[in-house]
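Student: Each residue of the sequence shown is one higher than the last, beginning at 1 in the UniProt record's numbering. All C-beta atoms, glycine included, are put in the ideal place defined by N, C-alpha and C. The structure displayed is predicted, hence computed values, not measured ones. First, the structure itself, so that you have it in front of you.
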Amino acid sequence: MKATYLDSAVGQYLLAHSTWSDDVLDALAVETREFTGDSARMQISPDQGRFLTMITQVSRARNVVEVGTFTGYSSICLARGLGSGGRLHCFDVSEEWTAIARRYWDKAGIADRIELKIGPAAERLKELPAQLAVDLAFIDADKVSYPVYYETLLPRLAPGGLILVDNTLWSGHVADPTNDDETTQLMREFNDMVMNDDRVDSIMLPIADGLTMIRKH
Numbered sequence: 001m002k003a004t005y006l007d008s009a010v011g012q013y014l015l016a017h018s019t020w021s022d023d024v025l026d027a028l029a030v031e032t033r034e035f036t037g038d039s040a041r042m043q044i045s046p047d048q049g050r051f052l053t054m055i056t057q058v059s060r061a062r063n064v065v066e067v068g069t070f071t072g073y074s075s076i077c078l079a080r081g082l083g084s085g086g087r088l089h090c091f092d093v094s095e096e097w098t099a100i101a102r103r104y105w106d107k108a109g110i111a112d113r114i115e116l117k118i119g120p121a122a123e124r125l126k127e128l129p130a131q132l133a134v135d136l137a138f139i140d141a142d143k144v145s146y147p148v149y150y151e152t153l154l155p156r157l158a159p160g161g162l163i164l165v166d167n168t169l170w171s172g173h174v175a176d177p178t179n180d181d182e183t184t185q186l187m188r189e190f191n192d193m194v195m196n197d198d199r200v201d202s203i204m205l206p207i208a209d210g211l212t213m214i215r216k217h
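Below is the structure:
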């Protein structure tokens, strides 16, 4: 469980009463742990993956953006929620890690729905077609750049479109007034920025390491 702020018994109960991941996602999780070592903690959890698929489905998103693809778990979950003709635009800096993602996109049968751009997302996001109205975006990359990604994506978001932002509880540290490490401070500042943004409504969900859902007016 990534939700370390939850009682472990409650966390296990939640997992036991959510739809399970499948063989493709399970195999990807295993390979990610074997290949990336400690970096595997960057992979989203199965319950979060299920949420990403469902929110993509219920929002009927057709144009989706992912910032931070890693080895592909979240992109598979997002792509599976797309309707007919939907596209997922992925941004990441690592050719090595996304090579794993590409293999698993093929295994999952969703490679034809995904476009991957390698390079700093702060720059490459600007290459999205000007006429493209983004229905849903998922941000899960370097925390220091969260405000940049947010401000770049929000003007491109369709009215009523959604931005999902990962790690906003940061293991619960954001609520601990005695914790003042750099990343915790960055996440607090980002959370406050979103909360005070009158262009959007937002809710912070206790899913995995904290998932903030933001809706553009």
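By DSSP, does residue 218 sit in helix, in strand, or in coil?
Tutor: Only positions 1 to 217 of the chain appear in this structure, which leaves residue 218 out of reach.
Student: What is the rounded straight-line gap between the Cα of D209 and the Cα of P46?
Tutor: 12 Å
Student: Helix, strand or coil, according to DSSP, for T4 in the structure here?
Tutor: In the three-state DSSP reduction, T4 falls in the coil class, being neither helix nor strand.
Student: Three Cβ pairs or more, each shorter than 8 Å: is that satisfied between the region 128-136 and the region 183-192?
Tutor: no
Student: Quick one: Cα of L153 to Cα of G11, how far?
Tutor: Cα to Cα, the separation comes out at about 32 Å.
Student: Relative to the C-alpha of S59, which candidate in D135, E123 and R113 has its C-alpha closest?
Tutor: D135
Student: Here's the rule I'm using: 16 or more other beta-carbon atoms within 10 Å means buried, otherwise exposed. How should W20 be labelled?
Tutor: Taking every protein chain shown into account, the CB of W20 has fewer than 16 other CB atoms within 10 angstroms, so this residue is exposed.
Student: Where are the beta strand (DSSP E) runs, 3 residues long or more, that stay fully inside the region 129-178, in chain order?
Tutor: List check, beta strand (DSSP E) in window: 134-139 and 157-166.
Student: Determine the closest residue to L52 out of M42, D181, F70 and C77, with distance taken between C-alpha atoms.
Tutor: C77
Student: Where does the unbroken beta strand (DSSP E) through R41 begin, and where does it stop?
Tutor: Here R41 belongs to no beta strand (DSSP E), and DSSP marks it neither H nor E.
Student: Considering only the alpha carbon of each residue, which of V174, Q48, V144 and F35 lies closest to L14?
Tutor: Q48
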